[in-house]
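Note that this note's numbering numbers the sequence shown so that position 122 is 463, with each residue one more than the last.
Where is the CB? At the ideal position from N, CA and C, for every residue including glycine.
Here the structure is a predicted model, which means the values were calculated and not measured.
Step one of this worksheet: look at the structure below.
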Amino acid sequence: MQSGLSRIKYSLVYARSLSKSPRNQYNCLLLRVLEYCAGILILTTNRIREFDVAVQSRVNLGVMYDDVETPQKLKIIENFLEQLRDENVEGRERIIQWFKEDEDGDRLIKSRALNGRQVRNILFSAASLAMKDGKVLKLDHVKKMARATYLFNDSIKAIVEAARRKAEAKSEF
Numbered sequence: 342m343q344s345g346l347s348r349i350k351y352s353l354v355y356a357r358s359l360s361k362s363p364r365n366q367y368n369c370l371l372l373r374v375l376e377y378c379a380g381i382l383i384l385t386t387n388r389i390r391e392f393d394v395a396v397q398s399r400v401n402l403g404v405m406y407d408d409v410e411t412p413q414k415l416k417i418i419e420n421f422l423e424q425l426r427d428e429n430v431e432g433r434e435r436i437i438q439w440f441k442e443d444e445d446g447d448r449l450i451k452s453r454a455l456n457g458r459q460v461r462n463i464l465f466s467a468a469s470l471a472m473k474d475g476k477v478l479k480l481d482h483v484k485k486m487a488r489a490t491y492l493f494n495d496s497i498k499a500i501v502e503a504a505r506r507k508a509e510a511k512s513e514f
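Dropping the structure here:
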């Protein structure tokens, strides 16, 4: 491998299985390359629990980033809204205030389950919804997408929790 800086596709480092899947083949190749890597390799993932142990053992430095805090999420909102032209958004300040002061908006922005990418996706989807309707972005569009995101997160959380309970019940026997 050449010296220098490289970034790899994160899907290559997930845990191997007993099957002969392409993922296993990629992992074997990656492990060989990592063994002789003379450069810097950057890997980003938010699925650390699925990381292959063999890959972990070849990592020299791991950096974990904390969750995005409420002030950072609000800054993401402000930055996104600033990028929109004035004629494409109505009530820019009302949208920001909703996240800061309204019970629903405040609860959503303070939620640990909501990361920076999801905050951006709520706003991007709301702007897309407004454009589809031939309208400018308004607080109602943001509320609609925020509610959909919140409900989706809740349903995923319930599914994961049910799967965890089922797995625990199986392991008890």
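Next on the checklist: Check for me: the beta strand (DSSP E) holding Ile-381 runs from which residue to which?
Outcome noted: The residue you call residue 381 lines up with position 40 of the sequence shown. Looking at the DSSP string, the run of the beta strand (DSSP E) that includes Ile-381 is 381-383.
Checklist entry - Val-430: buried (16+ other C-beta within 10 angstroms of its C-beta) or exposed? => result The count along the sequence shown starts at 1 and reaches residue 430 at position 89. Classification for Val-430: buried.
Next on the checklist: Am I right that Tyr-406 and Leu-449 are in contact with their C-beta atoms under 8 Å? What's the rounded C-beta distance?
Outcome noted: Position 65 of the sequence shown, counting from 1, holds the residue named residue 406. Position 108 of the sequence shown, counting from 1, holds the residue named residue 449. Tyr-406 to Leu-449, Cβ: 21 Å. No contact.
Checklist entry - By Cβ distance below 8 Å, which residues in the same chain neighbour Glu-428 in space, the five residues on each side in sequence not counted? => result On the sequence shown, residue 428 is found 87 positions in, with the first residue counted as 1. Within the same chain, and ignoring the five residues on either side of Glu-428 in sequence, the residues whose Cβ sits closer than 8 Å to its Cβ are Val-477.
Checklist entry - Which residue comes first and which comes last in the alpha helix (DSSP H) that contains Ile-463? => result Along the sequence shown, one-based indexing puts residue 463 at 122. Taken as a continuous stretch (DSSP letters only), the alpha helix (DSSP H) holding Ile-463 covers 457-473.
Next on the checklist: Between which two residues does the alpha helix (DSSP H) holding Val-483 run?
Outcome noted: Here residue 483 corresponds to residue number 142 of the sequence shown, with the count starting at 1. It spans 480-512 - the alpha helix (DSSP H) in which Val-483 sits, taken as one unbroken run.
Checklist entry - Pick from Gln-424, Ala-510 and Ile-436: whose alpha carbon is nearest that of Lys-485? => result Position 144 of the sequence shown, counted from the first residue, corresponds to residue 485. Measuring from the Cα of Lys-485, the nearest candidate turns out to be Ile-436.
Item to check | Val-477 in three-state terms, based on DSSP | outcome: Residue mapping note: residue 477 aligns to position 136 of the sequence shown, counting from 1. Correct three-state label for Val-477: coil.
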